[in-house]
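Read through the structure below, which is laid out as structure tokens, and then see the notes.
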Amino acid sequence: MTAIPVWDAHTCVPLFAQYDLASLQRHIDCGAYYISINIGMDFNPLDDIIQIIAGFRKRINELDFLIQVESFADVERAQREGKLAVSFDLEGGVPLCESPAMVDLFAKLGVRQIHLAYNRSNSLAGGCHDQDDGLTAKGKAIVDAINANNLFMDVSHTGYRTSMDIFEYSNKPVIISHGNPRALKDHGRNYRDDQLKACAATGGVVCINGVSRFLNCAEASPQSMVEAIDYLVQLLGPEHVGLGLDYVYDSHLDKGPDNLDLAHWWPPEAGYNKASEGFLNILYAPPERFLEMTSLLQQRGYKHSDIEAIYSTNMHSLAKSIWR
Ligand SMILES: [Zn+2]
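Written as structure tokens, this is what we have:
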């Protein structure tokens, strides 16, 4: 069986400038031609983030099978040539220093997707594990800049109220780059039905992740991911569903910044237990999972065209219309 082409809206690599992105070959082997990788979260110092972007850009340029996305044509070229188009996403708006001009700068450095808060609230937005007072005036200015730069406006890790404000406020479709339905697993990082419907109503796409704690399965099984896909397809239609695996390559190398307060960013009362789990020692579905899910979806009677839509063409078309 040939792999279905995959658009992975979010996956992680260890955040240090010298990390060798050659590991991403595995994504190509599993059908992917596009991947968005995280270059920083709200707790990463800005000078680290800049060095990570510099290091990653250098390595992408060196490796023949990776293509840095400067425009949508780079995605199409990667698809044609059997390569992997790579762009960056920013997880949380703190590194933007409340400055819309920083969005312009990050866009020029290869960032194509931003959400405003990482679990905790900040001056722009409410986080999903914090008191959420909604999108602030400063947050609106950042949404304007994300819209004006033709980037994906994302509401992963964002609080309920802020996400609903953003669906209302953004003048472009809004995505959930890696988020699962709450109806199947009651976790604060997951999304209620009205949020999912509001996301789809903007013309956006909800991309499910393969993280065990956000699925109805401690092993993050292929079946549990297909269940999440099927739930969203029933609720929103296949045209609003995508994949944002949230796999973490070489997670043993990812230590986080010095003195990171794990219990603040991943509160135990919200269902995390980072102290005993280690920084990122939970189960992540690997890219090979794309292949396993395909046969399960076929068994459920999914048409080839619907599987393709979920795996890539929904996000592909949205990027084509938004990124320009
Ligand atoms: Zn994330």
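Numbered by the working numbering, the letters in the sequence shown go through residues 5 to 328 in order. Where is the CB? At the ideal position from N, CA and C, for every residue including glycine.
Under 9 Å between the Cβ atoms of Val-2 and Leu-219?
The requested residue 2 does not occur in the structure, where the chain is confined to residues 5 to 328.
Taking 9 Å as the cut-off, decide whether the C-beta atoms of Gly-130 and Leu-139 are in contact.
The count along the sequence shown starts at 1 and reaches residue 130 at position 126. The count along the sequence shown starts at 1 and reaches residue 139 at position 135. Against a cut-off of 9 Å, the Cβ pair of Leu-139 and Gly-130 comes out as a contact.
Am I right that Tyr-288 and Ala-224 are in contact with their C-beta atoms under 8 Å? What's the rounded C-beta distance?
Stepping through the sequence shown from its first residue, residue 288 is reached at position 284. Stepping through the sequence shown from its first residue, residue 224 is reached at position 220. Going by Cβ atoms, the distance from Tyr-288 to Ala-224 rounds to 7 Å, so yes, they are a contact pair.
Residues bridged to Ala-36 (per DSSP)
Position 32 of the sequence shown, counted from the start, is the residue given in the question as residue 36. Val-10, per the DSSP bridge assignment.
Can you have a look at Lys-189 and say buried or exposed, based on whether 16 or more other CB atoms are within 10 angstroms of its CB?
As a working note, residue 189 is residue 185 in the sequence shown. Burial call: buried.
Going by C-alpha distance, which of Leu-113, Tyr-235 and Met-229 is nearest Asp-197?
Taking the first residue of the sequence shown as position 1, residue 197 is located at position 193. Residue Tyr-235 is the option with its Cα nearest to Asp-197.
With Leu-88 and Ile-39 assumed to form a contact (beta carbons below 8 Å), what rounded beta-carbon distance in angstroms separates them?
In the sequence shown, the residue the question calls residue 88 occupies position 84. In the sequence shown, the residue the question calls residue 39 occupies position 35. That pair is a contact at about 6 Å.
Relative to the C-alpha of Cys-16, which residue among Val-90, Trp-270, Pro-242 and Leu-322 is closest?
What you label residue 16 is simply residue 12 of the sequence shown in a count that begins at 1. When only C-alpha atoms are compared, the closest one is Val-90.
Beta carbon of Ile-53, beta carbon of Leu-94: below 9 Å?
Against the sequence shown, residue 53 aligns to sequence position 49. Against the sequence shown, residue 94 aligns to sequence position 90. Contact flag set, yes.
Drop a sphere of 10 angstroms on the beta-carbon of Asn-285, count the other beta-carbons inside from all chains shown, and report buried for 16 or more, exposed for fewer.
As a position in the sequence shown, residue 285 is number 281, starting the count at 1. Caution applies to Asn-285, whose pLDDT of 49 falls short of 50 and renders its modelled position unreliable; the value that the coordinates give is listed next. That one is exposed.
Does DSSP put Tyr-173 in a helix, in a strand, or in coil?
Position 169 of the sequence shown, counted from the start, is the residue given in the question as residue 173. In this structure, Tyr-173 counts as helix in the three-state DSSP scheme.
Using 8 Å as the cut-off, classify the Cβ of Ser-91 as near or not near the heavy atoms of ligand 1, replying yes or no.
Counting from 1 along the sequence shown, the entry for residue 91 is found at position 87. Checking the Cβ of Ser-91 against ligand 1 gives no.
Between which two residues does the beta strand (DSSP E) carrying Ser-91 extend?
Here residue 91 refers to the residue found at position 87 when the sequence shown is read from its first residue. Where Ser-91 is concerned, the enclosing beta strand (DSSP E) stretches over 88-95.
Cβ-based neighbour list, Leu-155, same chain, cut-off 8 Å, excluding 5 preceding and 5 following:
In the sequence shown, counting from the first residue as 1, residue 155 sits at position 151. Closer than 8 Å at the Cβ level, and outside the excluded window around Leu-155, lie Val-107, Ala-111, Val-115, Arg-116, Gln-117, Ile-118, Ile-326 and Trp-327.
Simplified DSSP assignment, three categories, for Cys-101:
Locating residue 101 in the sequence shown gives position 97, counting from the first residue. Three-state result, Cys-101: coil.
What first and last residue would you give for the alpha helix (DSSP H) that runs through Arg-61?
Sequence index remark: in the sequence shown, residue 61 carries index 57 (1-based). Per DSSP, Arg-61 belongs to the alpha helix (DSSP H) from 50-66.
Figure out for me which residue from Leu-19, His-14, Val-10 and Asp-12 has the closest Cα to the Cα of Asp-258.
For the purposes of this step, residue 258 is taken as residue 254 along the sequence shown, with counting starting at 1. The option with the nearest alpha carbon to Asp-258 is Leu-19.
Measure from the alpha carbon of Ala-7 to the alpha carbon of each residue in Asp-46, Val-237, Ala-145 and Arg-30, then state which is nearest.
As a first step, residue 7 must be located in the sequence shown, where it is residue number 3. Out of Asp-46, Val-237, Ala-145 and Arg-30, Arg-30 has the C-alpha closest to the C-alpha of Ala-7.
Closest to Pro-99 by CA distance: which of Gly-214, Val-79 and Leu-120 is it?
Residue mapping note: residue 99 aligns to position 95 of the sequence shown, counting from 1. Ranking Gly-214, Val-79 and Leu-120 by Cα distance to Pro-99 puts Leu-120 first.
C-beta contact flag for Tyr-164 and Val-147 at 9 Å:
As a working note, residue 164 is residue 160 in the sequence shown. As a working note, residue 147 is residue 143 in the sequence shown. No, these two residues do not count as a Cβ contact at 9 Å.
Residue environment, Leu-28, which counts as buried when at least 16 other CB atoms sit within 10 Å:
As a working note, residue 28 is residue 24 in the sequence shown. Looking at its Cβ environment, which holds 16 or more other Cβ atoms inside 10 Å, Leu-28 is buried.
Close beta carbons around Ser-316, own chain, < 7 Å, minus the five adjacent residues each side
Within the sequence shown, the letter at position 312 stands for residue 316. Correct list, in chain order: Pro-9, Val-10 and Trp-11.
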